[in-house]
Amino acid sequence: MTDIETPPSSADTQTSAVENKESPSIDGVLSPSVATSPSSNITNSHPLESHYTFWYTHRPTTFRNKNLKPMWEEEGNRNGGKWILRLKKGLSSRLWELLILAVIGEQFQVGKEICGIVCSIRPQEDLISVWTKTANNQNVTQRIRETMKKVLSLPVDYMFDKTNKQFYFRSPNPFWCFVIPVLIVYLTLCAYWPDILPFHKLGYLGTFSSYLVLNHRLIVVLIFWAILACHIYESVLAANYSSKANLNRKSINLWSFQTFVLGYPSLRLVKCYLRDHKNK
1 MTDIETPPSS ADTQTSAVEN KESPSIDGVL SPSVATSPSS NITNSHPLES HYTFWYTHRP
61 TTFRNKNLKP MWEEEGNRNG GKWILRLKKG LSSRLWELLI LAVIGEQFQV GKEICGIVCS
121 IRPQEDLISV WTKTANNQNV TQRIRETMKK VLSLPVDYMF DKTNKQFYFR SPNPFWCFVI
181 PVLIVYLTLC AYWPDILPFH KLGYLGTFSS YLVLNHRLIV VLIFWAILAC HIYESVLAAN
241 YSSKANLNRK SINLWSFQTF VLGYPSLRLV KCYLRDHKNK
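Next up, the structure:
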């Protein structure tokens with residue numbers, strides 16, 4: 001990491017000092033033999049002490065808090081998240097410049113809640129990300145989103161991608177959250193305690209279940225254990241996938257438990273998250 005010290009004059013600093021001392025930096029690409037970690041790609045440019053010192057630097061691709069890198073491994077980002085703006089090729093240059101000016105001009109009015117902003121150039125699209133300090137502070141995150149729309153002149157109905165590293169966890173469709181546990185409980189009762197089930201009140205389902213219990217009890221038991229084994233296996237996969245995505249222990253346990261109860265619908269969600277995580 002290289003710092004280039006070119007301090008502004010004392011007069012400039014006094015007349016145009018910024019509240020938050022960001023540090024522009026360049027997120028480059030090093031060869032595998034040189035880069036030992038993702039952080040080794042990030043090189044500090046000039047530390048920003050005032051609005052004027054920004055123009056001492058070339059346009060950076062990462063603009064961040066002086067002591068905080070735009071990486072999930074940073075301690076200051078553990079409870080944070082980021083808004084992601086996906087752009088067609090050729091649009092990022094002007095919008096990135098506008099966003100930088102909005103940050104150094106303190107137009108967001110959220111204090112130190114913005115950890116940094118990043119522009120990522122990809123083969124098919126460009127990404128602009130705004131990293132936030134506390135992802136569960138809805139008032140702050142919504143203000144950041146609305147300010148981004150305003151300063152970048154985005155459509156009112158534009159949908160950002162939102163990533164929350166610490167608390168990233170969600171459930172499948174409520175239909176599956178209700179139906180799957182009920183069916184598992186029903187199958188368990190059919191396999192081991194069929195006498196307590198009112199089959200005659202359950203219509204066609206009760207008639208069919210009663211037939212299976214009376215004539216093919218062993219098949220019902222085997223089906224129960226097969227489904228249980230599948231759910232255990234899917235739970236282990238969910239824990240493995242969420243661990244690969246570097247989620248915290250709480251999120252890993254939640255994904256694992258939910259997948260044990262709900263099975264594939266939950267596993268599919270965590271697999272989608274892992275895929276998105278690799279693309280970002």
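Take the sequence shown: its letters are residues 1 to 280, numbered as in the UniProt record's numbering.
Every residue gets a Cβ at the ideal spot worked out from N, C-alpha and C, and that includes glycine.
Going by DSSP, name the residue or residues bridged to residue i.
i, result
"D126", "L87, I121"
"I114", "T132"
In the DSSP assignment, the alpha helix (DSSP H) including residue i goes from what residue to what residue?
i, result
"N139", "138-151"
"V185", "174-192"
"residue 281", "What the structure shows of the chain is the stretch from 1 to 280, and residue 281 is not part of that stretch, so it cannot be assessed."
"P94", "Looking at the sequence shown, residue 94 is not Pro but Arg. Where R94 is concerned, the enclosing alpha helix (DSSP H) stretches over 92-104."
"F257", "249-262"
By Cβ distance below 8 Å, which residues in the same chain neighbour residue i in space, the five residues on each side in sequence not counted?
i, result
"C113", "Before going on, a small fix: residue 113 reads as Glu here, not Cys. Result list for E113: T132, K133, T134, N137, V140, I144, in chain order."
"S243", "I252"
"G206", "L197, P198, F199, H200"
"L87", "L95, E125, D126, L127, I128"
"G90", "none"
"L187", "V220, I223, F224, I227"
"W55", "Only weak support exists for where W55 lies, its pLDDT of 49 falling under 50; the value from the coordinates is given anyway. Result list for W55: empty, nothing under 8 Å."
Can you name, in chain order, every residue of its own chain whose Cβ lies under 7 Å from the Cβ of residue i, other than the five neighbours on each side?
i, result
"A238", "W255, S256, T259, S266, L267, V270"
"L262", "P172, W176, C177, I180"
"V130", "K82, W83, I114, I117, I144, M148"
"Q109", "none"
"Y264", "E234"
"L152", "L95, L98, L99"
"Y241", "V270, K271, L274"
"L189", "I196, L197"
"S210", "F199"
Excluding the 5 residues flanking residue i on each side, which residues of the same chain have their C-beta closer than 6 Å to its C-beta?
i, result
"S235", "S256, T259, F260"
"A191", "V220, V221, F224"
"R217", "none"
"Y273", "none"
"L202", "none"
"P194", "V213"
"P7", "A caution first: P7 carries a pLDDT of 45, below 50, which makes its placement in the model unreliable, though a value can still be read off. Nothing meets the Cβ criterion."
"S120", "L127"
Check whether chain D comes within 7 Å of residue i, counting only Cβ atoms and requiring the distance to be less than that.
i, result
"Y186", "Of the protein chains in this structure there is only one, and it is not chain D."
Taking 6 Å as the cut-off, is the CB of residue i close to at least one heavy atom of the ligand ZN?
i, result
"H231", "Questions concerning the ligand ZN fall outside what the structure shown contains, since it holds no ligand whatsoever."
(Q) Under 8 Å: do the stretch 225-240 and the stretch 140-158 share three or more Cβ pairs, one atom per stretch? (A) Flag = no, the stretch 225-240 and the stretch 140-158 do not touch.
Q. Pairing CB atoms from the stretch 172-181 with CB atoms from the stretch 147-161, are three or more of them under 8 Å?
A. Verdict: no, contact absent.
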